[in-house]
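Here's the structure, in structure tokens; my notes come after.
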Amino acid sequence: MRKCEFRDLGRMDYASALELQRRLAEQRKRGEIPDQFLVVEHPHVITMGRNGRAEHLLAPPELLRRAGIEFHHSDRGGDVTYHGPGQVVGYPILDLREWKRDVVAYVRAIEQVIIDALAVWSVRGERDPKATGVWVDGKKICAIGVHISRWVTTHGFALNVDTDLRYFQYIVPCGLHKPVTSLRELGCAASRAEVVAELVRQFARVFDVEMIEQVIACKEIV
Amino acid sequence: MTDVVMPQMGESIVEGTLTKWLKKPGERVERDEPLFEISTDKVDTEIPAPAAGILAEVLVEEGKTVAINTVVARIDESGAGAAVAAAPAPKAEPAPAPAPSPAAAPAEPPAPTPVAETEVSGVSGPLSPLVRRMAREYNIDLRQVKGTGAGGRITKADVEAYMAAQGAQTVARAQAAPPPPAAPPVSEPAPSMPPPPARPEAPKTRIEPMSIMRQKIAEHMAFSKRTAAHVTTVHKVDMTKIAKLRERQKAEFQARYGFGLTYLPFVVRAAAEALRAFPIVNASIEGTNILYHGEINIGIAVALDNGLIVPVIRQADEKNVVGLQRAIVDLAARARSKQLKPDEVHGGTFSITNFGSFGSLFATPVINQPQVAILGVGAVVKEPVVVDDAIAIRSMCYIALTFDHRLIDGALADQFCQKVKSVLESWNESVL
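So the protein sequences, as listed, match chains A and B.
Under the working numbering, the first sequence has 192 at position 192, and the numbering climbs by one with no breaks.
One rule links them: number in the working numbering = place in the second sequence (from 1) + 222.
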């Protein structure tokens, strides 16, 4: 069975996590490490994907700074999105050549991980054929944005567990004029740790990998 | 000229949007260097150049969506880039193999040397692993043991008989030089205990011989300290979830199974998970070899009156919490009534000591040889803890792992502890 190393980075700023992802992706491309699954919680940050449109950012970067929100351009797919406390951000670094050489199948599989994890708390996550991500009653609970280089993935998903949804008012999430939601708003009291544990379990199942938890502090890696 | 086409990024994908050119026409590009980016369904993909040369033509502009296999650019490999560099185009690294074998495949653990057939000089016949282990654990010189098995082979019963005979003599022998190998101990007359020396000037000191068990513990502990490079690492674990689960289930558990539910089976369960994840903690050192044990057999230290014994839960990783609690209760009860069978105290591959039940917060336990680590569990105590910048009351405990630094390094020991911690903290099985 393929192995996948799992690391919970805890709270880490966006730039550091991006740097860590890039390093691991380079190592993965060289075949020096197995697949990786990172989870992290970012301080308030708004990121703009490659396909992002400036008008989907509803506040100028200067105003965001004053509100304590960082702003970053990102090389992931997708439009603009928000990350912050109470959100589980997952960054799988996989070599898709060892799974399926299919980027759409990959995104669908990530959605499946989220949908199956939500089902544990009886939350029915759904796909929208026109919009990648996971939705509950027409509200977005999980955003997805991926970057692939030589079949190695970076970036990933952001699942709202106990996110302060007011922060989404600064943006048009993913360029879609649709509301967002969180597990907490849906009445589910699951903790971050429980959600992470479930995501890890579902990830292992969907991608058919053996998860190996790594607890080396991220600072040692960076 | 090499055509660069819109690649197919998956079975169901028929087109792609070219989002960004990473090279300009006329620029030099190496083979496998990222040339452009495409976007499909929230996935941005860097597409590497299929050949080295000069980007001669760009046929699809940024933002356009085209069908797969559409030619999007052409690369001139003819070396027209002479203007760019006089040196010949460096042959780019060979294209990566389509599916490199994952680096994940772990090296095979070295095959343990077969211990069963190892000869010990001066001993006739092969020795069974059990006999060898007993000899090692109790520091027995096997040349002194008379073999009664086939061909004079030493059996477990022979070792036990020898130990029983030795037990009666140890006190007298402690000072004496080892007897010549020729003299079998059974033939020696059992010396009587030395009488307490008359010390009228210090009547407050009383001399009493150690029990056999005490002598064995003393030897075993000192042997371990002499042998292993002991290091202890301590981690703090939030047991609130398990405390609540235990509170909820306690009465029903007692009614259904006839025994209480303690924290210990949860810790054993978590340790078994961690041992599975880090097999080197479930190993032994034999000379310069590492013996990886195929079974996870966890010894549980049981306090006796003036003594200690470590009965073993075999294949602990295959038991659930109910099964583990049952095994713990059963082994502890029979240990106290001295009804353990010999093989129930042998074959452990890892040990757990629950000093928390006596109120200790944390301690530095001694490794149970020939194992390489022991986990100590401190008392679970309610404490104020900062959670999300607020003060909360949580049930906390320390876990202390003593490990043999000859074999295990600190980083791994701490990863092991973190695994135990994460299993305990994120316990979410509603069933036991």
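For each residue, glycine too, the CB sits at the ideal point set by N, CA and C.
Keep in mind the model is a prediction, meaning the values are calculated, not measured.
C-alpha gap between residue i and residue j, whole angstroms
i             : j             : result
residue 638/B : residue 189/A : 29 Å
residue 588/B : residue 573/B : 10 Å
residue 360/B : residue 532/B : 15 Å
residue 227/B : residue 80/A  : 29 Å
residue 520/B : residue 150/A : 45 Å
residue 2/A   : residue 500/B : 17 Å
residue 132/A : residue 47/A  : 17 Å
residue 615/B : residue 604/B : 6 Å
residue 18/A  : residue 292/B : 33 Å
residue 223/A : residue 645/B : Only positions 1 to 222 of chain A appear in the structure, and residue 223/A is not among them; the question remains open.
residue 242/B : residue 286/B : 10 Å
residue 552/B : residue 561/B : 10 Å
residue 490/B : residue 546/B : 8 Å
residue 284/B : residue 192/A : 40 Å
residue 548/B : residue 176/A : 56 Å
residue 571/B : residue 494/B : 11 Å
residue 468/B : residue 522/B : 20 Å
residue 16/A  : residue 43/A  : 12 Å
residue 364/B : residue 377/B : 11 Å
residue 250/B : residue 259/B : 17 Å
residue 459/B : residue 488/B : 12 Å
residue 581/B : residue 622/B : 14 Å
residue 22/A  : residue 497/B : 31 Å
residue 83/A  : residue 271/B : 34 Å
residue 367/B : residue 559/B : 30 Å
residue 584/B : residue 357/B : 32 Å
residue 504/B : residue 483/B : 26 Å
residue 6/A   : residue 602/B : 29 Å
residue 196/A : residue 447/B : 41 Å
residue 129/A : residue 135/A : 11 Å
residue 538/B : residue 544/B : 12 Å
residue 591/B : residue 355/B : 10 Å
residue 255/B : residue 274/B : 9 Å
residue 362/B : residue 382/B : 11 Å
residue 461/B : residue 476/B : 21 Å
Distance between beta carbons of residue j and residue i, contact taken as under 8 Å
i             : j             : result
residue 261/B : residue 77/A  : 6 Å
residue 464/B : residue 479/B : So it is not a contact: roughly 18 Å between Cβ atoms.
residue 294/B : residue 282/B : 4 Å
residue 432/B : residue 444/B : No, residue 432/B and residue 444/B are not in contact; Cβ-Cβ is about 13 Å, not under 8 Å.
residue 87/A  : residue 41/A  : 6 Å
residue 247/B : residue 280/B : 5 Å
residue 182/A : residue 163/A : 5 Å
residue 148/A : residue 268/B : 7 Å
residue 534/B : residue 567/B : 7 Å
residue 172/A : residue 58/A  : 7 Å
Buried versus exposed, by CB contacts within 10 Å (16 or more), residue i
i             : result
residue 140/A : buried
residue 608/B : exposed
residue 90/A  : buried
residue 208/A : exposed
residue 513/B : buried
residue 74/A  : buried
residue 240/B : buried
residue 143/A : buried
residue 340/B : Unreliable placement is indicated for residue 340/B, whose pLDDT of 38 sits below 50; no coordinate value is reported for it.
residue 429/B : exposed
residue 222/A : Caution applies to residue 222/A, whose pLDDT of 38 falls short of 50 and renders its modelled position unreliable; the value that the coordinates give is listed next. With fewer than 16 Cβ atoms within 10 Å of its Cβ, residue 222/A is classed as exposed.
residue 563/B : exposed
residue 145/A : buried
residue 223/B : exposed
residue 472/B : exposed
residue 238/B : buried
residue 613/B : exposed
residue 606/B : exposed
residue 624/B : buried
So does the stretch 612-629 of chain B actually touch the stretch 440-452 of chain B, counting three or more Cβ pairs closer than 8 Å? At 8 Å Cβ cutoff, the stretches touch.
Mind pulling the beta strand (DSSP E) runs of 3 or more residues that sit fully within the stretch 53-93 of chain A? Qualifying beta strand (DSSP E) stretches, in chain order: 70-73, 80-83, 87-93.
Runs of beta strand (DSSP E) lying entirely within the stretch 147-220 of chain A, each at least 3 residues, in chain order: 152-160, 209-213, all fully within the stretch 147-220 of chain A.
Kindly confirm or deny that the stretch 40-58 of chain A and the stretch 119-137 of chain A touch, where touching means at least three C-beta pairs closer than 8 Å. Contact between the stretch 40-58 of chain A and the stretch 119-137 of chain A is absent, because fewer than three Cβ pairs lie under 8 Å.
For the structure I just gave you, are there three or more beta carbon pairs, one from the stretch 103-118 of chain A and one from the stretch 229-249 of chain B, closer than 8 Å? Taking 8 Å as the limit for Cβ pairs, the verdict is that the stretch 229-249 of chain B does touch the stretch 103-118 of chain A.
Mind pulling the beta strand (DSSP E) runs of 3 or more residues that sit fully within the stretch 99-123 of chain A? DSSP runs (the beta strand (DSSP E)) wholly in the stretch 99-123 of chain A: none.
Between the stretch 62-69 of chain A and the stretch 91-100 of chain A, do at least 3 Cβ pairs fall closer than 8 Å? The stretch 62-69 of chain A makes no contact with the stretch 91-100 of chain A: fewer than 3 CB pairs, one atom from each, lie closer than 8 Å.
Mind listing, in chain order, the continuous beta strand (DSSP E) runs of no fewer than 3 residues lying wholly within the stretch 546-614 of chain B? With a minimum length of 3 residues, the continuous beta strand (DSSP E) runs that stay inside the stretch 546-614 of chain B are 572-575, 595-599, 603-609.
Enumerate, from N- to C-terminal direction, the unbroken alpha helix (DSSP H) stretches of 4 or more residues contained entirely within the stretch 471-511 of chain B. 486-499, all fully within the stretch 471-511 of chain B.
Every unbroken beta strand (DSSP E) within the stretch 255-279 of chain B, with a cutoff of 3 residues, ordered by chain: With a minimum length of 3 residues, the continuous beta strand (DSSP E) runs that stay inside the stretch 255-279 of chain B are 256-262, 265-270.
What are the uninterrupted segments assigned as beta strand (DSSP E) that are 3 or more residues long and contained completely in the stretch 3-51 of chain A, given in chain order? DSSP runs (the beta strand (DSSP E)) wholly in the stretch 3-51 of chain A: 35-41, 45-48.
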